[in-house]
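In UniProt numbering, the protein residues as written are 1 to 339.
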């Protein structure tokens with residue numbers, strides 16, 4: 001048996017041996033690391049597969065921005081001014097002075113325009129005629145003054161001109177009667193671009209712009225021709241169409257009211273006068289309508305026994321209504337069969 005001392009010696013010996021082996025093993029492994037060994041063939045690194053480049057769609061071409069519209073220049077809003085002044089009322093003649101003037105005209109004209117052989121009460125004893133006179137303003141405002149027109153109306157020149165159906169013209173008087181379907185009013189007011197009435201109004205020698213002008217017609221202007229507004233409007237429309245096409249207007253106008261503006265624009269007193277209502281127009285409501293329009297252009301008077309301004313006769317409209325009523329009653333009566 002091993003004694004303890006011997007055992008411990010053995011352990012120490014083996015322990016030393018083990019240490020020596022471990023040291024030798026360590027040294028051997030260290031020397032082997034420094035020696036070059038066979039080169040390793042490095043495996044090639046796998047090539048990276050690049051993702052295909054994305055094909056970018058071409059950006060759409062931008063449409064050029066529209067040029068800004070020019071700013072509209074706003075017209076300045078007109079500031080309403082004061083209301084226009086109403087047209088001044090025409091200066092009216094004196095009724096008594098007018099009556100005297102018409103009596104002078106009628107006294108001499110009735111002899112020249114007399115109709116012979118009248119067979120009934122309805123037949124005219126004086127043929128239709130028209131006379132216009134230009135006299136001093138004072139003669140139209142003061143009754144009974146002597147007028148130079150009397151000398152003209154008594155002259156042989158006046159008598160001969162009327163008998164030959166010519167137009168009589170002096171610086172105080174123009175006159176005419178019916179000729180070849182041309183009414184006396186038409187001949188003095190409209191014919192030849194208003195040449196006759198212009199001659200009377202535009203004479204300046206010995207004249208005054210404030211002179212008084214009286215246009216007198218024996219019978220009131222007739223509805224069929226001189227106051228036929230419907231026909232006039234049709235003619236005007238046709239002429240306007242011709243002018244729009246570059247053509248020359250060719251209508252012959254006989255509606256007198258538009259042609260009275262030349263008298264309306266005259267500065268002095270003026271009047272349009274008739275003696276009798278034309279027999280074929282009596283009781284016609286349209287006549288009153290036309291008289292109203294005429295009166296708005298130039299003061300309208302009826303001078304029979306006395307001179308009355310048209311708008312001053314309140315009974316006149318009633319007389320028209322009574323006349324129309326009488327006609328209706330007459331037609332109603334005639335509609336019954338005779339027994």
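Here a beta-carbon is modelled for each residue, glycine too, at the ideal position from N, C-alpha and C.
Quick one, which of the options has its alpha-carbon nearest residue i's?
{"i": "residue 213", "options": "69, 22, 19 and 90", "result": "90"}
{"i": "residue 146", "options": "263, 331, 195 and 100", "result": "100"}
{"i": "residue 293", "options": "96, 278 and 261", "result": "261"}
{"i": "residue 219", "options": "199, 195, 278 and 104", "result": "278"}
{"i": "residue 271", "options": "283, 198, 216 and 229", "result": "216"}
{"i": "residue 167", "options": "191, 154 and 150", "result": "191"}
{"i": "residue 108", "options": "69, 229 and 155", "result": "155"}
{"i": "residue 106", "options": "326, 327, 305 and 322", "result": "305"}
{"i": "residue 92", "options": "325, 327, 301 and 326", "result": "301"}
{"i": "residue 103", "options": "322, 275 and 196", "result": "275"}
{"i": "residue 291", "options": "195, 307 and 273", "result": "273"}
{"i": "residue 195", "options": "259, 247 and 235", "result": "259"}
{"i": "residue 207", "options": "15, 135, 303 and 22", "result": "135"}
Looking only at its own chain, which residues have a Cβ that is under 6 Å from the Cβ of residue i, when we skip the five neighbours before and after it?
{"i": "residue 210", "result": "137, 267 and 268"}
{"i": "residue 340", "result": "It is not possible to answer for residue 340, since the shown part of the chain is limited to 1 through 339."}
{"i": "residue 205", "result": "none"}
{"i": "residue 110", "result": "126"}
{"i": "residue 340", "result": "Since the displayed the chain opens at 1 and closes at 339, residue 340 lies outside it and no answer follows."}
Kindly list the residues whose CB is nearer than 8 Å to the CB of residue i, restricted to its own chain and excluding five residues on each side of it in sequence; keep chain order.
{"i": "residue 226", "result": "183, 185, 186, 254, 255 and 256"}
{"i": "residue 139", "result": "97, 101, 145, 147 and 212"}
{"i": "residue 143", "result": "94, 96, 97, 99 and 100"}
{"i": "residue 67", "result": "none"}
{"i": "residue 326", "result": "283"}
{"i": "residue 199", "result": "169 and 174"}
{"i": "residue 150", "result": "104 and 108"}
{"i": "residue 242", "result": "248, 249 and 250"}
Per DSSP, which one or two residues make a beta bridge with residue i?
{"i": "residue 215", "result": "132 and 272"}
{"i": "residue 173", "result": "133"}
{"i": "residue 114", "result": "126"}
{"i": "residue 168", "result": "175"}
Does DSSP put residue i in a helix, in a strand, or in coil?
{"i": "residue 290", "result": "helix"}
{"i": "residue 126", "result": "strand"}
{"i": "residue 182", "result": "strand"}
{"i": "residue 255", "result": "coil"}
{"i": "residue 232", "result": "helix"}
{"i": "residue 307", "result": "strand"}
{"i": "residue 302", "result": "strand"}
{"i": "residue 104", "result": "helix"}
{"i": "residue 248", "result": "coil"}
{"i": "residue 140", "result": "helix"}
{"i": "residue 16", "result": "helix"}
{"i": "residue 224", "result": "coil"}
{"i": "residue 154", "result": "coil"}
{"i": "residue 207", "result": "coil"}
{"i": "residue 191", "result": "helix"}
{"i": "residue 282", "result": "coil"}
{"i": "residue 202", "result": "helix"}
{"i": "residue 334", "result": "helix"}
{"i": "residue 96", "result": "helix"}
{"i": "residue 196", "result": "helix"}
{"i": "residue 241", "result": "helix"}
{"i": "residue 145", "result": "coil"}
{"i": "residue 277", "result": "coil"}
{"i": "residue 265", "result": "coil"}
{"i": "residue 325", "result": "helix"}
Report all residues from its chain with a CB closer than 7 Å to the CB of residue i; omit the five preceding and five following residues, and keep chain order.
{"i": "residue 152", "result": "158, 170, 172 and 173"}
{"i": "residue 177", "result": "113, 127, 128, 129, 162, 165 and 184"}
{"i": "residue 263", "result": "213, 215, 270 and 298"}
{"i": "residue 295", "result": "310 and 311"}
{"i": "residue 232", "result": "253 and 255"}
{"i": "residue 221", "result": "185, 227 and 256"}
{"i": "residue 181", "result": "none"}
When burial is assigned at 16 or more other CB atoms within 10 Å of the CB, is residue i buried or exposed?
{"i": "residue 335", "result": "exposed"}
{"i": "residue 285", "result": "exposed"}
{"i": "residue 20", "result": "exposed"}
{"i": "residue 249", "result": "exposed"}
{"i": "residue 329", "result": "exposed"}
{"i": "residue 332", "result": "exposed"}
{"i": "residue 132", "result": "buried"}
{"i": "residue 344", "result": "Absent from the model: residue 344. The displayed extent of the chain is 1 to 339, so no value can be given."}
{"i": "residue 201", "result": "buried"}
{"i": "residue 18", "result": "exposed"}
{"i": "residue 22", "result": "exposed"}
{"i": "residue 189", "result": "buried"}
{"i": "residue 322", "result": "exposed"}
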